[in-house]
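Student: Attaching a single structure in structure tokens format; questions to follow.
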Amino acid sequence: MEQTNSTESYKHSSLYSEELAPVPVSGRTWNHWHLAALWVGMAVCIPTWLLASYMLKAGLNWIEALLIIGLANVVITVPMVLNGYAGVKYGLSFPVIGRSAFGVHGIHIASMMRALVACGWFGVQTWVGGLAIGAILSLLLGEPYQEGTTMLNFVGFGLFWLISMFFVVKGFEGIKWLEEYSAPVLIAVGIGLIAWGVLVGGGFGQVLKQSEQLQTGSAHRELQNGQDMVFFHPLTNSAGEWKADVVKVRALASGNDSEVFELPRSYGERPFFTSALGADHSKDTLAVWFETRDAQGKLLSASTPQRLNPSQAGASAGIGWWDYLLWFTAMVGFWATMAISISDITRYAKNQRAQVSGQFIGLPATMMLFSFVGLFVTSAAAIAFADVLTQEGAPWDPASLLSHFNQPLVVIGTQLVLLVATLSTNLAANVIAPATAFSNMWPQRISFRTGGLLTGVIGIAICPWWLLNEISSILLLVSAFLGPVLGILLADYFWVRKQKLDVNSLFSLSGIYQYNSFGINPKAILALLLGIGMALIGVWVEALAFLYQIAWFTGFIVAFLVYGLGMKQNLTSTPSEP
């Protein structure tokens, strides 16, 4: 049963503000479709597009990638739903509910961890949105689009930031409106992109079959029986033939370029012996690249040279079960931030059924669908585009994909859709939580809107253009810090408190959640530090590296047990339900 609470007894507390107060029943209007639409809006984003594609690039096949993404998102949805229960029941946000476990002031430690991570992601997503605007501006100005830190991309970044701040100023209902109406458009665009891939890639099954060529780099080097050999793996067309006309090999010896050795397309899968270069180059770095030419032999396109070092000699060990677990942990960490602060949203849900069904409908299915869109379209483009010759040069992200189109309306229309997708993700996933956390720091002075503006400023300060290519490593590190927070929250609400909170004490400096003169629960801080420490110890102790590679699970389990056992030892009673 959802609770209503009178605010008369605590509305004059320094811990209180109207935005942190329990949402009245009349304000809890979100049904399961609203929550599902919210997750569609959040999950359809460029990082989701990149997930399965990068797993393909790392050597997993498309089935393995989708299974890991699907299973990981089902796993994270379970604690997400459980952590949303208190939000629905009491109409309270994460920083207020968290006062029960961490203390009325101790919660700032956990909520700021969550807020700063979200600010970082806000910056990254804003940079991604800015790239889309930069691509549109390049087209309108008649200039070739350039990736990276160009003036137009920074202008786009600034414009996207201003658009985001407009919705922040409009408040929570403005965000709800954007999520609700963008969801069906984004799903339709995803299905349309799959249809395009089927058309240009030679059929649905053909695209999936040839997606395996993206699991291997354009060339690799092996040392077999004393022979130094190079194997070539350029991309092929729908008929399975090399798209490149020639492959070129050059030894980079003593700082000077040696003679280029050229091989025709017909060379195929046969190994190339480096001794053919005219000397012993087994200890030299090699450069390998591919070219296409017209009937007169004129160069049409060339791939970026790949450097093969002698240290790369030897066959690859391939993908092992530990690699699967590593990716699985990273995928769980993808939404670990939202699992902590989900009550910021579920406090507006009509009932528990709405939040449970809405989240299970919206999150796992959308993540699998849009991840599939990313890998399928990338695989189709690798087949269809004549100038994409190698795995390394494949259009792994939407901006690179669109750079191969010459139709202005197609490019602008698609970039606008990407803008909507990125905006909807950014506002729901990366603004609500930090804005609420900043408001909780000083309820009387910092409103939700002010907290949102602070999020925007910090998002710029972290220089997100430096973080975009480090997504998987960032996710792993983030999961080490946020898994313990979620473990403590769930242990407190379900194990220690038996789903009963004293709302008056949550807003009181003299209630049961004050704990001590500092307003900090030392048992929660101990559990947090031990959870983080146990997850991070694998960074420095090689024998315990597995603890870091499954960081979210390590931190969650340790913190859950330490907090639950520690609190049960001296907690003789739980508060009566108001």
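For what it's worth, the numbering used here labels the leading residue of the sequence shown as 17, then goes sequentially. The beta carbon of each residue, even a glycine, is placed where N, CA and C say it ideally should be.
Throw me the rounded Cβ distance for the tryptophan 568 and threonine 345 pair, which I believe falls under 8 Å.
Tutor: Confirmed, Cβ separation roughly 6 Å.
Student: Take phenylalanine 173 and list the residues in its own chain whose beta-carbon comes closer than 7 Å to its own, dropping the five residues that flank it on each side.
Tutor: So the list reads Thr142, Trp143 and Gly146, once near-sequence residues are dropped.
Student: Taking only the alpha-carbon atoms, compute the straight-line gap between alanine 402 and serine 198 and give it to the nearest angstrom.
Tutor: If I take the Cα positions, the gap works out to 34 Å.
Student: Could you give the distance in angstroms between the alpha-carbon of valine 263 and the alpha-carbon of phenylalanine 306?
Tutor: Distance between the alpha carbons of valine 263 and phenylalanine 306 is about 4 Å.
Student: Taking its Cβ as the centre, do 16 or more other Cβ atoms sit within 10 Å of proline 38, making it buried, or is it exposed?
Tutor: When all chains shown are included, proline 38 counts as buried.
Student: Write down every uninterrupted run of the alpha helix (DSSP H) in the stretch 413-463 whose length is 4 residues or greater and which is fully enclosed by it, in chain order.
Tutor: For the stretch 413-463, whole alpha helix (DSSP H) runs of length 4 or above, ordered along the chain, are 414-418, 424-446 and 448-457.
Student: Roughly how many angstroms lie between the CA atoms of serine 419 and threonine 64, to the nearest whole one?
Tutor: Distance between the alpha carbons of serine 419 and threonine 64 is about 20 Å.
Student: In angstroms with no decimal places, state the Cα-to-Cα distance between leucine 281 and phenylalanine 248.
Tutor: Here residue 281 is arginine; the residue named in the question, leucine, does not match the sequence. Taking the straight line from one Cα to the other gives about 10 Å.
Student: Is leucine 506 near the ligand PLP, with its Cβ less than 7 Å from a heavy atom?
Tutor: The model depicted lacks the ligand PLP and carries no ligand whatsoever.
Student: Is the number of C-beta pairs between the stretch 553-563 and the stretch 522-541 that are closer than 8 Å three or more?
Tutor: Short answer: they don't touch.
Student: Extract the residue ranges of the beta strand (DSSP E) inside the stretch 190-251, only unbroken runs of 3 or more that lie entirely within it.
Tutor: Those beta strand (DSSP E) runs which fall completely within the stretch 190-251 and span 3+ residues are 235-240 and 243-248.
Student: DSSP beta-bridge partners for proline 280?
Tutor: For proline 280, which the question treats as bridged, DSSP gives the partners Val262.
Student: Report buried or exposed for phenylalanine 176, applying the criterion of at least 16 other Cβ atoms within 10 angstroms of its Cβ.
Tutor: Phenylalanine 176 is buried by the Cβ-count criterion.
Student: Nearest CA to the CA of glycine 206: which residue from Phe386, Leu545 and Leu36?
Tutor: It is Phe386 whose Cα lies nearest to the Cα of glycine 206.
Student: Please name the residue or residues paired with leucine 315 in a DSSP beta bridge.
Tutor: Arg309, per the DSSP bridge assignment.
Student: Can you grab the Cα-Cα spacing for the pair leucine 316 / glycine 409, in whole Å?
Tutor: Each residue's Cα considered, the two are about 15 Å apart.
Student: If you draw a straight line from the alpha carbon of valine 223 to that of glycine 86, how long is it in whole angstroms?
Tutor: Roughly 21 Å between the two C-alpha positions.
Student: On the three-state DSSP scale, how would you describe tryptophan 351?
Tutor: Residue state, collapsed to three classes: coil.
Student: Span of the beta strand (DSSP E) holding leucine 324?
Tutor: That run of the beta strand (DSSP E) goes 322-324.
Student: Would you kindly work out how many angstroms separate the C-alpha atoms of valine 104 and proline 321, rounded to a whole number?
Tutor: Roughly 56 Å between the two C-alpha positions.
Student: Do valine 494 and glycine 349 have their C-beta atoms within less than 8 Å of each other?
Tutor: Cβ distance < 8 Å, so valine 494 and glycine 349 count as in contact.
Student: Please name the residue, chosen from Ile448, Leu379, Val574 and Phe576, that lies closest to valine 90 on a Cα-to-Cα basis.
Tutor: Nearest of Ile448, Leu379, Val574 and Phe576 to valine 90, Cα basis: Leu379.
Student: When you compare the stretch 33-47 with the stretch 364-382, are there three or more beta-carbon pairs, one atom per stretch, that lie closer than 8 Å?
Tutor: Yes, since at least three Cβ pairs between the stretch 33-47 and the stretch 364-382 fall closer than 8 Å, the two stretches touch.
Student: Under 8 Å Cβ to Cβ from threonine 252, same chain only, skipping five residues before and after it: list those, please.
Tutor: Gln226, Gln229, Trp258, Lys259 and Ile399.
Student: Does DSSP put threonine 301 in a helix, a strand or coil?
Tutor: Threonine 301 falls in the strand class under three-state DSSP.
Student: Between which residues of its own chain and tyrosine 161 is the CB-CB distance below 6 Å, once the five residues before and five after are set aside?
Tutor: The residues are Ala151, Ser154 and Ser419.
Student: Below 6 Å CB to CB, which residues in the same chain sit around threonine 362 once its five sequence neighbours on both sides are set aside?
Tutor: Gly100, Gly103, Val104 and Gln371, listed in sequence order.
Student: Alanine 148 bridges to which residues according to DSSP?
Tutor: According to DSSP, alanine 148 bridges with nothing at all.
Student: Per DSSP, what kind of secondary structure is leucine 483 in: helix, strand or coil?
Tutor: Here leucine 483 sits in coil by DSSP.
Student: Identify whether alanine 134 lies in helix, strand or coil by the three-state DSSP scheme.
Tutor: Note: alanine 134 maps to helix in three-state DSSP.
Student: Looking only at C-alpha atoms, which of His121, Ala52, Ala68 and Ile84 sits nearest to asparagine 532?
Tutor: Taking only the C-alpha atoms, the option nearest asparagine 532 is His121.
Student: Give me, in chain order, the residues of the same chain whose beta-carbon lies closer than 7 Å to that of tryptophan 481; leave out the 5 immediate sequence neighbours on both sides.
Tutor: These residues qualify, in order along the chain: Trp143 and Thr165.
Student: Could you compute how far the alpha carbon of glycine 535 sits from the alpha carbon of leucine 525?
Tutor: Distance between the alpha carbons of glycine 535 and leucine 525 is about 8 Å.
Student: Check alanine 496 in the structure and name its three-state DSSP category.
Tutor: Alanine 496 falls in the helix class under three-state DSSP.
Student: Contact check, leucine 432 vs leucine 194 under 8 Å by CB: the rounded distance?
Tutor: Actually they are not in contact, since the Cβ atoms of leucine 432 and leucine 194 sit about 14 Å apart, beyond 8 Å.
Student: To which residues of the same chain is serine 116 closer than 6 Å at the C-beta, ignoring the five residues directly before and after it?
Tutor: Asp508, Leu517 and Tyr529.
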